[in-house]
Amino acid sequence: YAHMQQVLLDRDIRLHMLLEHEFNLKGSAVKKTAYIFGSDKDGIFTHKHVSDDDLTSDKDLRRQVALPKDICAALTEDTDGSVFSSQQLTNTKPSMQKKFIDVLVRVIADKAEPSPCQICDCMADEVGSG
């Protein structure tokens with residue numbers, strides 16, 4: 013985990029994942045939620061974010077949702093990426109799928125930033141290539 017995390021951070025890569033995970037509300041009676049699309053380190057994205065000009069995740073809702081317990085999901089948080097539910101593409105109506113894809117691609121596009129260093133020197137890495 014530590015090695016993969018370091019590689020992603022060194023190369024300024026933001027990891028985004030589609031996981032087969034259904035987001036549930038926390039609590040004694042687990043409630044399934046069809047309106048939660050995904051999450052990032054700051055909050056949750058839902059169908060309501062489709063119409064937002066400024067796409068900002070819901071911080072309050074994040075505290076109420078059980079997030080995936082997965083090494084890859086943890087890497088998405090460390091790299092300022094996001095995790096989205098693939099269930100939204102397979103188990104919902106086309107109108108909801110369209111909203112999901114809209115939010116998904118906007119999150120990825122918003123998080124995509126060019127590396128601050130655009131002038132590079134070719135240096136050998138730990139295996140001697142570079």
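Mapping of the sequence shown onto this note's numbering: position 78 corresponds to residue 90, and the numbering continues sequentially without gaps.
By construction, the Cβ of each residue, glycine as well, lies at the ideal position given by its N, Cα and C atoms.
Residue(s) in a DSSP beta bridge with residue i
i, result
"His28", "Ser94"
"Ser51", "Ile56, Val95"
Residue i - containing alpha helix (DSSP H), residue span
i, result
"Asp72", "71-74"
"Ser107", "106-123"
"Thr58", "That residue, Thr58, is in no alpha helix (DSSP H); its beta strand (DSSP E) goes 56-58."
Among the options, nearest to residue i - alpha-carbon criterion
i, options, result
"Val62", "Met135, Ala85, Met29, Val119", "Val119"
Contact belief for residue i with residue j at Cβ below 8 Å, rounded distance in angstroms
i, j, result
"Leu87", "Leu27", "5 Å"
"Gln76", "Leu37", "6 Å"
Status (buried if at least 16 other CB within 10 Å, exposed otherwise) for residue i
i, result
"His33", "buried"
"Asp122", "exposed"
"Ile48", "buried"
"Asp52", "buried"
"Gly39", "exposed"
Start and end residues, beta strand (DSSP E) containing residue i
i, result
"Asp8", "For residue 8 there is no data in the structure shown, the boundaries of the chain being 13 and 142."
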